[in-house]
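In the numbering used here, the protein residues as written are 1339 to 1566. Beta carbons are placed, not taken as given, at the ideal position from N, Cα and C, and that holds for glycine. In what follows, a structure is listed as structure tokens, so that the remarks can point back to it.
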């Protein structure tokens, strides 16, 4: 319905689902099983990995702005601008005063998005240390999952306490009344998928949409069709 309304020029709103979580939290599964059920015409999906050389030459929000969903679309971010207060902090990629200033920058950025008509659904997917180990082990046992495995996942796992501190700070400093965080336990895939489906449905319901009215005479077109 959101996509249909934008095509008729009746609505310029959009929804942005932000999926943030540690490796193996199930972000890809959400994209496949939850977002995959929607009309692909109205979806804009972006997975944010290590910044490219071009992206590093710009402000960290530059690549985020370039991926924002247009009017009538549901945008899906697999990781997001929050990497710049998570991995950047954990690996000391920039000084503390630099990443420390980003919390307020992000809040202002998200305020801008909301004011422009984008509904933000921010989901922090938390998987336990034990469950992550099982999922990584599965990727090493199953040939169909080798492609998902990255040796660097083990290195990141060893930094678990630092990541938990970074996530805690992220939640405390960037959960606002206009863009709150939703914490979703993700050890059980069925639960995280159900929970995020409900969050997305509620966000869409909150837009109070109705199907766009026709810009033609329905009865006249029925008659024309019958006579054709």
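In this structure residue 1365 is in contact with residue 1463, their Cβ atoms being roughly 6 Å apart against a cut-off of 8 Å. By the 16-neighbour rule on beta-carbons within 10 angstroms, residue 1362 is buried. Spanning the alpha carbons of residue 1502 and residue 1384 requires a straight line of approximately 24 Å.
Spatial neighbours of residue 1447 in its own chain (CB-CB distance under 7 Å, excluding positions within 5 residues in sequence) are listed in chain order as 1399.
For residue 1432, same chain residues with a beta-carbon under 6 Å away, outside a window of 5 residues either side, are 1426 in chain order.
Of the candidates 1439, 1373, 1350, 1373 places its Cα closest to the Cα of residue 1539.
Where residue 1358 is concerned, there is no enclosing alpha helix (DSSP H), although the beta strand (DSSP E) around it starts and stops at 1352 to 1359.
Not a single unbroken stretch of the beta strand (DSSP E) spanning 3 or more residues falls wholly within the region 1477 to 1508. Secondary structure note for residue 1390: it is in no alpha helix (DSSP H), with a DSSP letter that is neither H nor E. By the Cβ neighbour-count rule, residue 1506 is exposed, with fewer than 16 other Cβ atoms within 10 Å of its own. Contact between the region 1351 to 1359 and the region 1411 to 1421 is present: 3 or more CB-CB pairs across the two stretches fall below 8 Å. By the Cβ criterion, the region 1488 to 1503 is not in contact with the region 1550 to 1565, since fewer than three pairs of Cβ atoms, one from each stretch, lie closer than 8 Å.
Per DSSP, the beta-bridge partners of residue 1464 are 1523. Bridge pairing for residue 1383: 1414 [DSSP].
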